[in-house]
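Chemist: Please see the structure below; I have some questions.
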Amino acid sequence: MPKFPFLKNKETENKSKVFIPSRRDFLKISTLASGGFLLGVNFQCSGPKGELVTFAPNVFISIDSDNQVTIIAHRSEMGTGIRTSLPMIVADELGADWEKVKIVQAEGNEEKYGDQNTDGSYSVRMFYEPMRKAGATARYMLIAAAAEKWGIDASDCHTEKGQVLSSGGKKINFGDLVEGLKDKEMPDEASITLKEFSSYKLIGKDIAIYDNKDIATGKAIFGADVDLPNMQVAVVRRSPVVGAKVISYNDEKALAIPGVNSVHKIEGAGIPPGLDKPLEGVAVIADNTWAAMKGRDALEIEWDLGENQQYSSAKQLDEMLKSTTGNGQVRRERGNFNSARQGAGQVLERTYLAPFYAHATLEPPAAIADFREDGTCEIWAPTQHPQWARQAVADAMQMDLDNIKMNVTLLGGGFGRKSKPDFVVEAAILSKAAKSPVRVQWTREDDLHHDFFHAQSAQRIRATLDKNGNFSGWNHHTVFPAIGATASATELHPSSGELELGCIDFPFEVPNIRIETHESKAHTRIGWLRSVSNIHHAFAISCMLDEIAEAKKMDPVDFILSILAENKDLDLSDEIKSDFGNYGEPLEKFPWNTKRLRGVIEKVALEADWKKMVSEGKAVGFAVHKSFLTYVACIVEVTKGNNGQIIIPSVHYAVDCGIGVNTDRIKSQFEGGAQFATSLAMTSAITLENGKVQQNNFDGYQIIRMPQSPKKIHVHIMESMEKPTGVGEPPVPPYIPALCNAIYKLTGERIYQLPFKA
Amino acid sequence: MEKYTITVNGKKQEVTASEDMPLLWVLRDLLSMKGTKFGCGQALCGACTVLVGDEATRSCSLPISAVGNQNITTIEGLSQNGDHPLQKAWVEHIVPQCGYCQTGQIMNAAALLKSNPSPSEAEIESAMAGNLCRCGTYNRIKDAILTASKS
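If you read the sequences in order, they're chains A and B. Going by this note's numbering, the first residue of the first sequence is number 1, and it counts up by one from there. Going by this note's numbering, the first residue of the second sequence is number 759, and it counts up by one from there.
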């Protein structure tokens, strides 16, 4: 089974050699005379004798003798704010002047930076401590140098705003200490004390993103914005059905279009299509994007459409739903559900359907490659996973990794789409074929037709109440084409990794539980979308729990609290038929704690004034869902507008993500998460007929617009000293069922299929 | 291929392009002005919004042959130093997430404030309905426009 990048084992990454201090790896001092050594930073000449001296205690920090502090952002910026949040951790421990810190984006290089796969909401979780240590190490060395200079004890010194200060009032700029650090030994990691949380100036505060003004002035550089001399533009006609092969093509009309220069075939992988390979296609290469688009439209291609040409997603969804009536593969078992069912006073049985979703990042995929005569290739791409992209290019072109340089631009949205390097590989192949730098440009139609979709799903849940009305049994059937099937056609069941996303980690105190999966085949490329299978699992589970509460005539919030253990670290390993992955983290380090889940439930009910809203007859819905180790509860309020349209006046979230690093970006992720989830719930769906995607652009695949968007989104961050977890994905799952439960209060109709029309 | 002279941010620019080339690609590919973004090519998302005269216009769907001598304003020309009230408000509210749609949002909002200097929330929602944001920054966009309208 392929290993999914978002479930990568985190333990080994934390021990990346980047963070083991050794003189060779850690202490690098250089001058202009010996050339730039570090991370592609271009040194400007200044300082004593015209030489700029740089102190770089590790790969993330450099301090120049002109006082410039540069911090490397090694994770990709796709809108979460990570390019700001990790460097600000370094800066806070260092005591740098944040207003003057320069942030430089790292190229993709695993040996140098450790894990750069920006996915799975784990950047802060994985790097909070290493980044603090990186900053603190530099601070120790600067303080030691200043103390030596002044002949005082290091304990009498501290750093602030780019200076070392003594308790006696002495001050020196970081830059003035750099020269003297040339021969200094690294402090032993064990001797370093990190700062007290209360003394942080940046961590735990609302900090503006580094690129704020560049974005507002149009200066920020995204994938397609990179310009190279003599660059051509490629637009590709890709296989209309996954697995289709080109029989022949006629490029006469395409080549007749002014500006079109050449036409090249790209070999696709066929079936399975692979997670890191291009689709089969024919590329038109031109002087500019418009000529390439027109050339592409003029291509005449004869396709062998292959085995997926009969595929209908609607028909498959029907079959998937039918399959859930039978016995499936048992993936978790507690007690005996059949006995519970036989002895039940009431059985509720409901089904839930959700469609394929496209990522529809507002920036369609684009990448620039410059394959040179000397056999090297330099790439610029909006990629979430530069290391995988680099490896995929090396594999596709049989190149040595060292001959590929992978630069990372800003991403105009990612949501999991830009983890997959297919578009980056296309650029490299086409640059080599065209013997010039090439930008491959996807159109919106390309993006929607050839995405790695979030899988459509069918679920059936049976819940039993015993003769006394107690919630006694839970039987959850889930079926959806697995991500793994994109790389291996024999994958017919969801993997345990996908089930741990909100399904087999069902946390409630029900004596009898059975969770089953059924077979389904992938007929298109399946990938991961913001919160992955948590999307459909949370929808089904939290909508069903709302119905059980109603059957028991209980308030939904009270009901959930009544079936949740008071304060327990859950260990489900005896019940789950596979190893419990816990998002790649050991349970000892990141326990599944019911008290923290209770905490967010109580907090959101308090802040939204749930009881009052209910007693006033407002249409409000509630749901709670932990994902990516972050605990989230959500309350959504709905009303009807003058034209009968749904209005969402307010959303309340309570989130426990441990220590909140950049509280403004936590809030912004939740604001955006609610908007993103509203689209999934109400407007977006991808369908396929005859193997082809039926939606072409934003008229067919709709995402919500400002008039439909939730009006006020309140985000309540729990105060916590627990280890930080991520916030990119966790806002999405509980929002959809909370909205559906609110719609039920408004209309009296339960929602069993997404997207719903109300 | 034809020669066209267009006025972008007050400056006359001569380009050679086919008559159907959208202004978006003239700006991005021929004039190397990258602030105006490509999102859909069908005037459905607003990422490519520029001002033609005072009107917000989707540059992906405006052929170069239809531009004539009207002044085009792009994000690069909205203000001298990035200090247009909307740009200042955008920074103050930390509106962007990924940032890709924001130049189009700002240009569309600039046209709104030219025609209606003090829009209500409902008027903002309706005027901005053509500009998609996949990250979901709509709440802050609205707040920033309200702030700018009061400055």
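Glycine is no exception: its CB is placed at the ideal position from the N, C-alpha and C atoms.
Take the Cβ of Arg372 of chain A as the centre, count every other Cβ of all protein chains shown within 10 Å, and call the residue buried at 16 or more, exposed below.
Modeler: As a position in the first sequence, residue 372 of chain A is number 372, starting the count at 1. With fewer than 16 other Cβ atoms within 10 Å, it is exposed.
Chemist: So, using beta-carbon positions, are Pro511 of chain A and Ser472 of chain A closer together than 8 Å?
Modeler: The count along the first sequence starts at 1 and reaches residue 511 of chain A at position 511. The count along the first sequence starts at 1 and reaches residue 472 of chain A at position 472. Between Pro511 of chain A and Ser472 of chain A, the CB-CB gap stays under 8 Å.
Chemist: For a contact meaning CB atoms closer than 7 Å, what does Gly840 of chain B contact in chain A?
Modeler: Along the second sequence, read from residue 1 onward, the residue named residue 840 of chain B stands at position 82. Neighbours of Gly840 of chain B on chain A, chain order: Lys213, Ala216 and Thr217.
Chemist: For Thr486 of chain A versus Arg460 of chain A, is the C-beta distance shorter than 8 Å?
Modeler: Residue numbering aside, residue 486 of chain A sits at position 486 when the first sequence is read from its first letter. Residue numbering aside, residue 460 of chain A sits at position 460 when the first sequence is read from its first letter. No, these two residues do not count as a Cβ contact at 8 Å.
Chemist: Runs of 3 residues minimum, wholly inside the stretch 575-654 of chain A: which ones carry the beta strand (DSSP E) assignment?
Modeler: 619-627 and 630-640
Chemist: Taking Cβ-Cβ distances below 7 Å as the criterion, which residues of the stretch 833-865 of chain B are in contact with chain A?
Modeler: Ile833, Glu834, Gly840, Gln845, Trp848, Val849, Ile852, Pro854, Gln855, Cys856, Gly857, Tyr858, Cys859, Gln860, Thr861 and Ile864
Chemist: Give the C-beta separation of Leu587 of chain A and Asp571 of chain A to the nearest angstrom, bearing in mind that I take them to be a contact with Cβ-Cβ under 8 Å.
Modeler: For the purposes of this step, residue 587 of chain A is identified with residue 587 of the first sequence, where counting begins at 1. For the purposes of this step, residue 571 of chain A is identified with residue 571 of the first sequence, where counting begins at 1. Right, the Cβ-Cβ distance comes to about 7 Å (below 8 Å), so this counts as a contact.
Chemist: When you compare the CB positions of Leu688 of chain A and His450 of chain A, do they come within less than 8 Å of one another, or not?
Modeler: Along the first sequence, read from residue 1 onward, the residue named residue 688 of chain A stands at position 688. Along the first sequence, read from residue 1 onward, the residue named residue 450 of chain A stands at position 450. Cβ distance not < 8 Å, so Leu688 of chain A and His450 of chain A don't count as in contact.
Chemist: Please state whether the Cβ-Cβ distance between Ile266 of chain A and Gly175 of chain A is less than 8 Å.
Modeler: As a working note, residue 266 of chain A is residue 266 in the first sequence. As a working note, residue 175 of chain A is residue 175 in the first sequence. Contact: no.
Chemist: Check each candidate in B:Leu781, B:Gly894, B:Asp787 and B:Leu782 and name the one with the smallest Cα separation from Val853 of chain B.
Modeler: For the purposes of this step, residue 853 of chain B is taken as residue 95 along the second sequence, with counting starting at 1. Closest option to Val853 of chain B, Cα to Cα, is B:Gly894.
Chemist: Please confirm whether Thr905 of chain B has its beta-carbon closer than 8 Å to some beta-carbon of chain A.
Modeler: As a first step, residue 905 of chain B must be located in the second sequence, where it is residue number 147. No, its Cβ sits nowhere closer than 8 Å to a Cβ of chain A.
Chemist: Anything in chain B within Cβ reach of Asp451 of chain A, meaning under 8 Å, just list it in chain order.
Modeler: In the first sequence, residue 451 of chain A corresponds to position 451, counting from 1. Here the premise fails: no neighbours, minimum Cβ distance about 13 Å.
Chemist: Thinking just about the alpha-carbon of each residue, which of B:Asp812, B:Lys900, B:Arg816 and B:Leu785 is nearest to the one in Cys798 of chain B?
Modeler: Here residue 798 of chain B refers to the residue found at position 40 when the second sequence is read from its first residue. Taking only the C-alpha atoms, the option nearest Cys798 of chain B is B:Arg816.
Chemist: Just checking my contact of Ile541 of chain A with Phe559 of chain A at CB under 8 Å: how many whole Å lie between their CB atoms?
Modeler: Along the first sequence, read from residue 1 onward, the residue named residue 541 of chain A stands at position 541. Along the first sequence, read from residue 1 onward, the residue named residue 559 of chain A stands at position 559. Rounded, the Cβ-Cβ distance is 13 Å, inconsistent with contact.
Chemist: Under the three-state reduction of DSSP, which class applies to Glu772 of chain B: helix, strand or coil?
Modeler: Taking the first residue of the second sequence as position 1, residue 772 of chain B is located at position 14. In this structure, DSSP gives Glu772 of chain B an extended state, which the three-state scheme calls strand.
Chemist: Going along the stretch 401-417 of chain A in order, which residues come within less than 9 Å of chain B, judged by CB to CB distance?
Modeler: Leu410, Leu411, Gly412, Gly413, Gly414 and Phe415
Chemist: Alpha carbon to alpha carbon, how far is Leu629 of chain A from Phe590 of chain A? Give it in angstroms, no decimals.
Modeler: As a first step, residue 590 of chain A is located in the first sequence; it is residue number 590 there, counting from the start. As a first step, residue 629 of chain A is located in the first sequence; it is residue number 629 there, counting from the start. Distance between the alpha carbons of Phe590 of chain A and Leu629 of chain A: 7 Å.
Chemist: Between which two residues does the beta strand (DSSP E) harbouring His264 of chain A extend?
Modeler: Within the first sequence, residue 264 of chain A is the residue found at index 264, counting from 1. Residues Val260 to Ile266.
Chemist: Got a sec, what are the start and stop residues for the beta strand (DSSP E) Tyr200 of chain A sits in?
Modeler: To locate residue 200 of chain A, count along the first sequence from 1; it is residue 200. Neither: Tyr200 of chain A is in no beta strand (DSSP E) and is coded neither H nor E.
Chemist: Name, please, each residue of chain B whose Cβ falls closer than 9 Å to the Cβ of Trp290 of chain A.
Modeler: Taking the first sequence and counting its residues from 1, one reaches residue 290 of chain A at position 290. Those within 9 Å of Trp290 of chain A in chain B are Ala775, Ser776, Asp778, Met779, Pro780, Leu782, Trp783, Val784 and Asp787.
Chemist: Check whether the Cβ atoms of Ala458 of chain A and Leu353 of chain A sit closer than 8 Å, and answer yes or no.
Modeler: The residue you call residue 458 of chain A lines up with position 458 of the first sequence. The residue you call residue 353 of chain A lines up with position 353 of the first sequence. Their beta carbons are under 8 Å apart, which means Ala458 of chain A touches Leu353 of chain A by this criterion.
Chemist: Taking Ala244 of chain A as the reference, give the member of A:Asn534, A:Trp303 and A:Gly295 with the closest Cα.
Modeler: Translated into the one-based positions of the first sequence, residue 244 of chain A becomes position 244. Ranking A:Asn534, A:Trp303 and A:Gly295 by Cα distance to Ala244 of chain A puts A:Trp303 first.
Chemist: Report the residue ranges of all alpha helix (DSSP H) runs contained in full by the stretch 46-97 of chain A; include only those spanning at least 4 residues, in chain order.
Modeler: 82-94, all fully within the stretch 46-97 of chain A.
Chemist: Which residue from A:Arg332, A:Ala358, A:Lys322 and A:Arg334 puts its Cα closest to that of Arg350 of chain A?
Modeler: For the purposes of this step, residue 350 of chain A is identified with residue 350 of the first sequence, where counting begins at 1. Of the candidates A:Arg332, A:Ala358, A:Lys322 and A:Arg334, the one whose C-alpha sits nearest the C-alpha of Arg350 of chain A is A:Lys322.
Chemist: What residue range does the beta strand (DSSP E) around Ile830 of chain B cover?
Modeler: The count along the second sequence starts at 1 and reaches residue 830 of chain B at position 72. Element bounds for Ile830 of chain B: Asn829 to Thr831.
Chemist: Using only CA atoms, which one of B:Ala906, B:Ser790, B:Thr774 and B:Cys803 lies nearest to Arg705 of chain A?
Modeler: Position 705 of the first sequence, counted from the first residue, corresponds to residue 705 of chain A. Out of B:Ala906, B:Ser790, B:Thr774 and B:Cys803, B:Cys803 has the C-alpha closest to the C-alpha of Arg705 of chain A.
Chemist: Is the CB-CB distance between Thr517 of chain A and Pro494 of chain A below 8 Å?
Modeler: The residue you call residue 517 of chain A lines up with position 517 of the first sequence. The residue you call residue 494 of chain A lines up with position 494 of the first sequence. Closer than 8 Å, so yes.
Chemist: The alpha helix (DSSP H) that contains Tyr128 of chain A, what's its start and end?
Modeler: For the purposes of this step, residue 128 of chain A is taken as residue 128 along the first sequence, with counting starting at 1. Judged by DSSP secondary structure, Tyr128 of chain A falls within the alpha helix (DSSP H) whose first and last residues are Ser123 to Trp150.
Chemist: Would you mind sorting Lys769 of chain B into buried or exposed? The rule is 16 or more other CB atoms within 10 Å of its CB.
Modeler: Taking the second sequence and counting its residues from 1, the one referred to as residue 769 of chain B is at position 11. Flag for Lys769 of chain B reads exposed.
Chemist: What does Asn407 of chain A pair with, by DSSP beta-bridge criteria?
Modeler: Numbered from 1 along the first sequence, position 407 holds the residue referred to as residue 407 of chain A. A:Trp380, per the DSSP bridge assignment.
Chemist: Are the Cβ atoms of Gly412 of chain A and Glu363 of chain A separated by less than 8 Å?
Modeler: Walking along the first sequence from the start, residue 412 of chain A turns up at place 412. Walking along the first sequence from the start, residue 363 of chain A turns up at place 363. Yes; because the gap between Cβ atoms is below 8 Å, this pair is in contact.
Chemist: Once DSSP output is grouped into helix, strand and coil, what is the label at Asn173 of chain A?
Modeler: Here residue 173 of chain A is taken as the residue at index 173 of the first sequence, counted from 1. Reduced to three states, the DSSP call for Asn173 of chain A is strand.
Chemist: In this structure, what does DSSP give as the bridge partners for His716 of chain A?
Modeler: The residue labelled residue 716 of chain A in the question sits at position 716 within the first sequence. BP columns for His716 of chain A point to A:Ala654.
Chemist: Any beta carbon of chain B sitting closer than 8 Å to that of Ala738 of chain A?
Modeler: Against the first sequence, residue 738 of chain A aligns to sequence position 738. It does not; no Cβ of chain B falls within 8 Å.
Chemist: Give the residues of chain A in contact with Gln800 of chain B, contact being defined as C-beta atoms less than 8 Å apart.
Modeler: For the purposes of this step, residue 800 of chain B is identified with residue 42 of the second sequence, where counting begins at 1. Chain A residues near Gln800 of chain B: Arg444, Asn697, Phe698 and Asp699.
Chemist: Select from A:Asp579, A:Asp251 and A:Ala685 the residue whose C-alpha is nearest the C-alpha of Val284 of chain A.
Modeler: The count along the first sequence starts at 1 and reaches residue 284 of chain A at position 284. Of the listed residues, the one whose Cα sits closest to Val284 of chain A is A:Asp251.
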